[in-house]
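Scroll down for the structure; my scribbles are underneath it.
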Amino acid sequence: MPFDAKNKVAIVGVGQSAFGRKLDRPTGALAVDAALAAIDDAGLTLKDIDGISTFPESTGPGVGPQVGLSSAPLNWMVQGLGIEQVDWWANGGGNISTAIGYAIQALATHSCNYVLVWRAMYQPRSGAFGSGTSSQKPADSAPKPAPRVSGAGAYVAPYGGGDGPTFFAPSYMRYMKKYGAKREHMAAYAVTMRANANKNPKAMFYDKPMTFDDYMNARMISDPLCLFDCDMPIDGAGALILTRAELAKDLKQKPAYVTAFGSGGWDWRVRPPEEYMHATADNVGRTLWASTDMKPTDMDAAMFYDGFSPDIYWWLEGLNFCERGTAYEWIQDGRIAIGGELPINTFGGQVSEGRLHGMGHWVEATRQIQGRADDKPGDGARQLAKAENILVATGMTGHGCGAILSSDFR
Amino acid sequence: MTATAKAIPVPTELDRPYWEGASKHQFVLQRCVQCGLFSSQPRIICPKCHGSEFEWAKPSGRGVIHSYTIVNQTTSPGFNDELPYVVVHVQIEEEPTCYVTANLLVERSEYDKLDIDLPVIVDFEDRGEVTVPQFRLA
Ligand SMILES: [Zn+2]
Numbered sequence: 003m004p005f006d007a008k009n010k011v012a013i014v015g016v017g018q019s020a021f022g023r024k025l026d027r028p029t030g031a032l033a034v035d036a037a038l039a040a041i042d043d044a045g046l047t048l049k050d051i052d053g054i055s056t057f058p059e060s061t062g063p064g065v066g067p068q069v070g071l072s073s074a075p076l077n078w079m080v081q082g083l084g085i086e087q088v089d090w091w092a093n094g095g096g097n098i099s100t101a102i103g104y105a106i107q108a109l110a111t112h113s114c115n116y117v118l119v120w121r122a123m124y125q126p127r128s129g130a131f132g133s134g135t136s137s138q139k140p141a142d143s144a145p146k147p148a149p150r151v152s153g154a155g156a157y158v159a160p161y162g163g164g165d166g167p168t169f170f171a172p173s174y175m176r177y178m179k180k181y182g183a184k185r186e187h188m189a190a191y192a193v194t195m196r197a198n199a200n201k202n203p204k205a206m207f208y209d210k211p212m213t214f215d216d217y218m219n220a221r222m223i224s225d226p227l228c229l230f231d232c233d234m235p236i237d238g239a240g241a242l243i244l245t246r247a248e249l250a251k252d253l254k255q256k257p258a259y260v261t262a263f264g265s266g267g268w269d270w271r272v273r274p275p276e277e278y279m280h281a282t283a284d285n286v287g288r289t290l291w292a293s294t295d296m297k298p299t300d301m302d303a304a305m306f307y308d309g310f311s312p313d314i315y316w317w318l319e320g321l322n323f324c325e326r327g328t329a330y331e332w333i334q335d336g337r338i339a340i341g342g343e344l345p346i347n348t349f350g351g352q353v354s355e356g357r358l359h360g361m362g363h364w365v366e367a368t369r370q371i372q373g374r375a376d377d378k379p380g381d382g383a384r385q386l387a388k389a390e391n392i393l394v395a396t397g398m399t400g401h402g403c404g405a406i407l408s409s410d411f412r
Numbered sequence: 014m015t016a017t018a019k020a021i022p023v024p025t026e027l028d029r030p031y032w033e034g035a036s037k038h039q040f041v042l043q044r045c046v047q048c049g050l051f052s053s054q055p056r057i058i059c060p061k062c063h064g065s066e067f068e069w070a071k072p073s074g075r076g077v078i079h080s081y082t083i084v085n086q087t088t089s090p091g092f093n094d095e096l097p098y099v100v101v102h103v104q105i106e107e108e109p110t111c112y113v114t115a116n117l118l119v120e121r122s123e124y125d126k127l128d129i130d131l132p133v134i135v136d137f138e139d140r141g142e143v144t145v146p147q148f149r150l151a
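Protein chains in written order, with the working numbering: chain R, 3 to 412; chain Z, 14 to 151.
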């Protein structure tokens with residue numbers, strides 16, 4: 003029997019900080035901006051918040067211990083916001099979707115009444131996550147000493163395999179070789195995301211259109227991942243307010259009810275590429291669909307974590323939208339565009355809005371369900387005509403969480 | 014001259030035999046005494062049988078390319094002058110759950126011919142202070 007979250011919890015407020023490349027404003031301050039915006043959006047005050055949850059526990063990957071400057075963990079935000087008392091908190095969980103998942107469970111079991119969840123991202127000034135150096139910088143004249151690594155890193159770093167694209171590219175390579183997918187197929191995703199971002203003033207690529215040829219000519223990072231397959235690192239923060247359904251209906255915004263929930267994950271094997279990625283989506287799918295009578299065809303849209311664009315394939319297949327090895331064909335011909343059969347990441351995804359490690363997906367799913375996805379209300383830019391049930395699934399290295407948000411009880 | 018040299022693996026109490034083996038051009042992997050599970054990185058408990066006794070055994074050194082990437086841009090110290098280079102995940106022939114990460118030592122003119130499931134064999138690269146296991150096409 004899966005966790006029964008049906009109709010018990012709703013997202014009732016969203017908040018975003020400024021987004022940008024190497025902003026002057028520290029990460030902790032951006033997190034406070036997003037949190038206060040979300041609390042206000044819900045029609046609540048800071049005093050109402052009796053639950054808090056975030057990821058990560060301390061600092062982001064590769065950014066060093068600069069609490070408040072480059073990260074906004076729980077203990078820092080208690081200071082930043084001036085929180086006097088909470089009844090419930092959760093710290094970490096592997097990614098932001100698990101922090102949201104914990105909040106859903108805590109509310110369903112009456113551990114607290116109003117939970118604030120935030121995710122703040124820092125764009126490393128050195129150039130990339132997981133590195134102290136940047137390939138873009140001119141070489142120093144004096145050689146630096148070689149890094150010395152032990153433990154798990156000793157089996158990766160000496161082979162130049164330490165950065166994100168190199169870690170994730172082999173999964174996509176195997177998928178392509180196994181099923182016959184080409185870069186031309188992925189262009190459909192990248193170009194659709196860019197078109198969506200062109201309707202989202204918050205997106206990093208809001209005013210930069212992209213054509214099929216732009217995508218195909220993009221420089222390769224770790225083959226087959228090109229520049230536009232990688233999400234865009236930014237400084238920024240997003241926040242959500244969640245509450246129980248009975249408390250939600252009296253608030254300022256229309257509730258986005260959680261009507262299905264899945265959080266499966268983990269497996270002992272040192273996952274090979276591809277199978278490892280499939281496992282996350284499969285496990286979220288298995289537990290999510292077990293929690294509801296709804297089916298993939300009942301979804302009006304989907305928000306899928308896209309740290310790298312092939313993530314979309316694992317999600318579509320693992321969540322049963324299409325058969326294994328067919329997602330690359332399934333996404334063609336406008337199917338995933340706004341107005342298509344299953345619009346995906348209507349805000350542009352992380353590849354075109356910017357990397358908020360999944361929070362952007364939850365914010366957009368909520369706004370679509372609430373009927374306020376357009377930044378200028380009523381301009382019809384990206385608000386879906388029908389947005390009654392939207393699947394959101396984020397996280398992607400062995401564990402994640404997914405939920406269906408609905409405009410009414412299901 | 015690269016600004017930074019490649020990362021140097023520093024053996025721990027747990028995996029010293031792996032790196033000492035490599036320095037003698039011997040490929041050894043940790044194997045569970047009870048059930049025979051090979052692991053690419055040392056364990057203290059076997060996930061299959063919960064045994065905690067391990068030995069260092071010599072697999073054949075043969076396997077197949079489970080997958081790979083050709084790295085065109087990197088943040089890894091010491092690799093800028095190597096671009097584009099190949100990072101490969103090798104599935105060893107003795108154990109389908111055991112994957113070893115390395116570089117594939119192959120001419121750039123051969124990159125177009127790379128594929129999943131190609132047979133490979135272990136090789137070694139001496140880097141002064143250390144020797145690291147590598148693979149080449151078999
Ligand atoms: Zn064993």
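Backbone N, C-alpha and C fix where the C-beta goes; we use that ideal spot for every residue, glycine too. The structure presented is a predicted model; accordingly, all values stated were derived computationally and were not measured.
Beta-carbon proximity check, Ser99 (chain R) vs Gly360 (chain R), cutoff 8 Å: If you number the first sequence from 1, residue 99 (chain R) lands on position 97. If you number the first sequence from 1, residue 360 (chain R) lands on position 358. Yes, Cβ-Cβ distance for Ser99 (chain R) and Gly360 (chain R) is below 8 Å.
Can you give me, in chain order, the residues of the region 255 to 283 of chain R that have a beta carbon less than 8 Å from any beta carbon in chain Z? Cβ contacts with chain Z: Trp270, Arg271, Val272, Pro274, Pro275, Glu276.
Can you find the residues in the same chain that come closer than 8 Å, C-beta to C-beta, to Asp142 (chain R), ignoring five residues on each side of it along the sequence? Residue numbering aside, residue 142 (chain R) sits at position 140 when the first sequence is read from its first letter. Because the pLDDT of Asp142 (chain R) is 49, which lies under 50, any placement of that residue in the model is unreliable, and the number read from its coordinates should be weighed accordingly. Closer than 8 Å at the Cβ level, and outside the excluded window around Asp142 (chain R), lies no residue.
Using a strict less-than 6 Å threshold between each residue's beta carbon and the heavy atoms of ligand 1, what residues do you get? Cβ atoms closer than 6 Å to ligand 1 belong to Z:Cys45, Z:Gln47, Z:Cys48, Z:Leu50, Z:Cys59, Z:Lys61, Z:Cys62, Z:Gly64.
Short check: CB of Val158 (chain R) to CB of Thr25 (chain Z), under 8 Å? By 1-based counting over the first sequence, the position of residue 158 (chain R) is 156. By 1-based counting over the second sequence, the position of residue 25 (chain Z) is 12. When the beta-carbon positions are compared, Val158 (chain R) and Thr25 (chain Z) stay at least 8 Å from each other.
Within 10 angstroms of its Cβ, does Phe411 (chain R) collect 16 or more other Cβ (buried), or is it exposed? By one-based count along the first sequence, residue 411 (chain R) stands at place 409. Exposed, since its Cβ has fewer than 16 Cβ neighbours within 10 Å.
Kindly indicate which three-state DSSP category Phe67 (chain Z) falls into: helix, strand or coil? Position 54 of the second sequence, counted from the start, is the residue given in the question as residue 67 (chain Z). Strand.
Limits of the unbroken alpha helix (DSSP H) element including His187 (chain R): Working through the first sequence from its first residue, we reach residue 187 (chain R) at position 185. If you look at His187 (chain R), you'll find it in the alpha helix (DSSP H) that goes 185 to 199.
If you reduce the DSSP assignment to three classes, tell me which class Arg176 (chain R) lands in. Within the first sequence, residue 176 (chain R) is the residue found at index 174, counting from 1. Looking at Arg176 (chain R) - three-state DSSP - the assignment turns out to be helix.
Length of the line joining the Cα atoms of Ser137 (chain R) and His280 (chain R): What you label residue 137 (chain R) is simply residue 135 of the first sequence in a count that begins at 1. What you label residue 280 (chain R) is simply residue 278 of the first sequence in a count that begins at 1. Caution applies to Ser137 (chain R), whose pLDDT of 38 falls short of 50 and renders its modelled position unreliable; the value that the coordinates give is listed next. In a straight line, the C-alpha of Ser137 (chain R) is about 31 Å away from that of His280 (chain R).
Assuming Thr289 (chain R) is part of the beta strand (DSSP E), what are its boundary residues? Along the first sequence, one-based indexing puts residue 289 (chain R) at 287. From DSSP, Thr289 (chain R) is part of no beta strand (DSSP E) but of the alpha helix (DSSP H) over 277 to 292.
Proximity test, Cβ basis, 8 Å: Ile148 (chain R) and chain Z: Within the first sequence, the letter at position 146 stands for residue 148 (chain R). Position check: residue 148 (chain R) holds Ala in this sequence, whereas Ile was assumed. Answer yes: the Cβ-Cβ gap between Ala148 (chain R) and chain Z drops below 8 Å somewhere.
Between Asp165 (chain R) and Thr17 (chain Z), is the Cβ-Cβ spacing less than 8 Å? Position 163 of the first sequence, counted from the start, is the residue given in the question as residue 165 (chain R). Position 4 of the second sequence, counted from the start, is the residue given in the question as residue 17 (chain Z). Contact: no.
Between the region 30 to 44 of chain Z and chain R, which residues of the former have CB atoms less than 7 Å from a CB of the latter, in chain order? Those residues of the region 30 to 44 of chain Z that come within reach of chain R (Cβ to Cβ, closer than 7 Å) do not exist; the list is empty.
Residues of the region 84 to 99 of chain Z with a CB closer than 8 Å to any CB of chain R: list them in chain order, please. From the region 84 to 99 of chain Z, only Val84, Asn85, Gln86, Thr87, Thr88, Ser89, Pro90, Gly91, Phe92, Asn93, Glu95, Pro97, Tyr98 have a Cβ closer than 8 Å to chain R.
Once DSSP output is grouped into helix, strand and coil, what is the label at Arg29 (chain Z)? Residue numbering aside, residue 29 (chain Z) sits at position 16 when the second sequence is read from its first letter. Three-state result, Arg29 (chain Z): helix.
Would you say Gln104 (chain Z) faces chain R, with C-beta separation under 8 Å as the test? Counting from one through the second sequence, the residue named residue 104 (chain Z) turns up at place 91. Gln104 (chain Z) belongs to the set of residues whose beta carbon lies under 8 Å from a beta carbon in chain R.
Looking only at its own chain, which residues have a Cβ that is under 6 Å from the Cβ of Ser409 (chain R), when we skip the five neighbours before and after it? Here residue 409 (chain R) refers to the residue found at position 407 when the first sequence is read from its first residue. Around Ser409 (chain R): Ile371, Glu390.
Compare the C-beta of Pro172 (chain R) against all C-beta atoms of chain Z and say whether one is closer than 8 Å. Walking along the first sequence from the start, residue 172 (chain R) turns up at place 170. Residue contact check for Pro172 (chain R) against chain Z: a CB pair falls below 8 Å.
Cα-Cα separation between Pro275 (chain R) and Ser224 (chain R), rounded to whole angstroms: Counting from 1 along the first sequence, the entry for residue 275 (chain R) is found at position 273. Counting from 1 along the first sequence, the entry for residue 224 (chain R) is found at position 222. Their backbone Cα atoms lie some 14 Å apart in a straight line.
Can you check whether the C-beta of Gly327 (chain R) is within less than 8 Å of a C-beta belonging to chain Z? In the first sequence, counting from the first residue as 1, residue 327 (chain R) sits at position 325. Answer no: the Cβ-Cβ gap between Gly327 (chain R) and chain Z never drops below 8 Å.
Using a beta-carbon distance cut-off of less than 7 Å, what residues from the region 116 to 144 of chain Z approach chain R? Near chain R, meaning a CB-to-CB distance below 7 Å, the residues of the region 116 to 144 of chain Z are Asn116, Asp128, Ile129.
Identify which residue in R:Trp90, R:Tyr174, R:Val14, R:Pro345 has its Cα closest to the Cα of Thr245 (chain R). Numbered from 1 along the first sequence, position 243 holds the residue referred to as residue 245 (chain R). The shortest CA-to-CA distance from Thr245 (chain R) to any of R:Trp90, R:Tyr174, R:Val14, R:Pro345 is the one to R:Val14.
Give me, in chain order, the residues of the same chain whose beta-carbon lies closer than 6 Å to that of Ala74 (chain R); leave out the 5 immediate sequence neighbours on both sides. Reading the first sequence from its first residue, position 72 is the one you call residue 74 (chain R). Answer for Ala74 (chain R): Thr29, Gly30, Ala33, Ala122, listed in chain order.
Does the distance from the CB of Phe5 (chain R) to the CB of Ser293 (chain R) come in under 8 Å? For the purposes of this step, residue 5 (chain R) is taken as residue 3 along the first sequence, with counting starting at 1. For the purposes of this step, residue 293 (chain R) is taken as residue 291 along the first sequence, with counting starting at 1. In this structure, Ser293 (chain R) lies closer than 8 Å to Phe5 (chain R) by Cβ.
Distance CB(Thr348 (chain R))-CB(Ala375 (chain R)) smaller than 8 Å: In the first sequence, counting from the first residue as 1, residue 348 (chain R) sits at position 346. In the first sequence, counting from the first residue as 1, residue 375 (chain R) sits at position 373. Yes. Within cutoff.
Contact belief for Gly356 (chain R) with Met234 (chain R) at Cβ below 8 Å, rounded distance in angstroms: Locating residue 356 (chain R) in the first sequence gives position 354, where the first residue counts as 1. Locating residue 234 (chain R) in the first sequence gives position 232, where the first residue counts as 1. With a Cβ gap of about 5 Å, Gly356 (chain R) and Met234 (chain R) count as contacting.
Residues of the region 223 to 252 of chain R with a CB closer than 7 Å to any CB of chain Z: list them in chain order, please. Hits within the stretch, in order: Ile223, Ser224, Asp225.
Quick check on Phe148 (chain Z): buried or exposed, where buried means 16 or more other Cβ atoms within 10 Å of its Cβ? Position 135 of the second sequence, counted from the first residue, corresponds to residue 148 (chain Z). Phe148 (chain Z) counts as buried, since at least 16 other C-beta atoms from the protein chains shown sit within 10 angstroms of its C-beta.
Ala247 (chain R) versus Gln125 (chain R) - alpha carbon distance: What you label residue 247 (chain R) is simply residue 245 of the first sequence in a count that begins at 1. What you label residue 125 (chain R) is simply residue 123 of the first sequence in a count that begins at 1. So the alpha carbons of these two residues sit roughly 36 Å apart.
Excluding the five sequence neighbours on either side, which residues of its own chain have a C-beta within less than 8 Å of the C-beta of Asp136 (chain Z), listed in chain order? The residue given as residue 136 (chain Z) occupies position 123 in the second sequence. Shown here for Asp136 (chain Z): same chain residues with a beta carbon closer than 8 Å to its own, the five before and five after excluded, namely Leu118, Pro146, Gln147, Phe148, Arg149 in chain order.
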